[in-house]
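Asker: In mature numbering (1 follows the signal peptide of the UniProt record, and there is no 0), the protein residues as written are -25 to -1, 1 to 153.
Before I ask anything, let me first share the structure, which is written out below as structure tokens.
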């Protein structure tokens, strides 16, 4: 009888803890990649470019590149309504099964942008420059040779198409979203 009662208490305790384990907030790692030199499509070269990025999960798992929309903070991708549903246990990009990389594109977030101080002296940049910086971050800074998936929405969706055009053998699949 005591054994059955103890089992009941343990079961109740585990039942109480299981939802808490599921709703743990995502804990991304943050980093900055600063290449020794970066050449923009205009031919202008900078040695002070900074590309900020976030990662989730274990680096030994299949890598997924997730690209944000125009002026969208990465925090929007990590919020419960998006990232919580996308990265949670059993979800399509479960962080226990994937290594998620979320760079902040040139011109946004903590990455280099004109408003950091250079203003009109900041090099003109376009999607090609943004995608090149993402590619170099993935391959040079993170040492990733192949991506399972490149996925982006809005501006990130446009970047996804460019990834497919410029680096077609770099990934297994593309998911561009409007």
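We put the CB at the ideal spot given by N, CA and C, even for glycine.
Output the distance between the C-alpha atoms of residue 70 and residue 31, rounded to the nearest integer angstrom.
Answerer: Counted from its first residue, the chain shown places residue 70 at position 95. Counted from its first residue, the chain shown places residue 31 at position 56. For residue 70 and residue 31, the distance between alpha carbons rounds to 6 Å.
Asker: Buried or exposed: residue 93, going by 16 or more other Cβ atoms within 10 Å of its Cβ?
Answerer: In the chain shown, the residue the question calls residue 93 occupies position 118. With fewer than 16 Cβ atoms within 10 Å of its Cβ, residue 93 is classed as exposed.
Asker: Consult DSSP for residue 21 and reduce its assignment to one of helix, strand or coil.
Answerer: If you number the chain shown from 1, residue 21 lands on position 46. If DSSP states are grouped into helix, strand and coil, residue 21 belongs with the strands.
Asker: Whole angstroms is fine: what's the gap from residue 109's alpha carbon to residue 96's?
Answerer: Mapped onto the chain shown, residue 109 falls at position 134. Mapped onto the chain shown, residue 96 falls at position 121. Answer to the nearest angstrom: the Cα atoms are 22 Å apart.
Asker: Using 10 angstroms around the beta-carbon of residue -3, count the other beta-carbons present and answer buried if the total reaches 16, otherwise exposed.
Answerer: The residue labelled residue -3 in the question sits at position 23 within the chain shown. Only weak support is given to the placement of residue -3: the predicted model assigns it a pLDDT of 46, under 50, and the value that follows is read from those uncertain coordinates. Exposed, by the Cβ-count rule.
Asker: For residue 124, name the three-state secondary structure that DSSP assigns.
Answerer: In the chain shown, the residue the question calls residue 124 occupies position 149. Strand.
Asker: Let me know if residue 84 comes out buried or exposed under the rule of 16 or more other beta-carbons within 10 Å of its beta-carbon.
Answerer: Translated into the one-based positions of the chain shown, residue 84 becomes position 109. It counts as buried.
Asker: Please report the straight-line C-alpha distance between residue 3 and residue 39, rounded to a whole angstrom.
Answerer: Translated into the one-based positions of the chain shown, residue 3 becomes position 28. Translated into the one-based positions of the chain shown, residue 39 becomes position 64. Rounded to whole angstroms, residue 3 to residue 39 spans 14 Å at the Cα level.
Asker: According to DSSP, simplified to helix, strand and coil, what is residue 31?
Answerer: Within the chain shown, residue 31 is the residue found at index 56, counting from 1. Here residue 31 sits in strand by DSSP.
Asker: What distance in whole Å lies between the Cβ atoms of residue 43 and residue 104, which are believed to be in contact at a cut-off of 8 Å?
Answerer: Looking up residue 104 in the chain shown gives position 129. Looking up residue 43 in the chain shown gives position 68. Wrong, their Cβ atoms sit about 16 Å apart, outside the cutoff.
Asker: Which two residues bound the contiguous beta strand (DSSP E) that contains residue 6?
Answerer: Mapped onto the chain shown, residue 6 falls at position 31. Segment 4 to 8, the beta strand (DSSP E) holding residue 6.
Asker: To the nearest angstrom, how far is the alpha carbon of residue 9 from that of residue 64?
Answerer: Residue mapping note: residue 9 aligns to position 34 of the chain shown, counting from 1. Residue mapping note: residue 64 aligns to position 89 of the chain shown, counting from 1. The straight-line gap from Cα to Cα measures roughly 33 Å.
Asker: One question on the structure: do residue 86 and residue 134 come within less than 7 Å of each other, judged by their Cβ atoms?
Answerer: Working through the chain shown from its first residue, we reach residue 86 at position 111. Working through the chain shown from its first residue, we reach residue 134 at position 159. No. Outside cutoff.
Asker: Return the first residue and the last residue of the beta strand (DSSP E) that residue 150 is part of.
Answerer: Along the chain shown, read from residue 1 onward, the residue named residue 150 stands at position 175. Element bounds for residue 150: 146 to 152.
Asker: To the nearest angstrom, how far is it from the Cα of residue 122 to the Cα of residue 36?
Answerer: One-based indexing of the chain shown puts residue 122 at position 147. One-based indexing of the chain shown puts residue 36 at position 61. Each residue's Cα considered, the two are about 10 Å apart.
Asker: Quick one: is residue 118 buried, meaning 16 or more other Cβ sit within 10 Å of its Cβ, or exposed?
Answerer: Taking the first residue of the chain shown as position 1, residue 118 is located at position 143. Burial call: exposed.
Asker: Skipping 5 residues on each side, what residues in its chain have a beta carbon closer than 8 Å to that of residue 12?
Answerer: The sequence position of residue 12 within the chain shown is 37, counting from 1. Around residue 12: 20, 21, 22.
Asker: Kindly indicate which residue of 1, 120, 139 has the alpha-carbon position closest to the one of residue 57.
Answerer: Numbered from 1 along the chain shown, position 82 holds the residue referred to as residue 57. For residue 57, the nearest C-alpha among the options comes from 1.
Asker: Just list the alpha helix (DSSP H) runs in the segment 43 to 70, keeping only unbroken ones of 4 residues or longer that don't cross its boundaries, in chain order.
Answerer: You should have 49 to 53.
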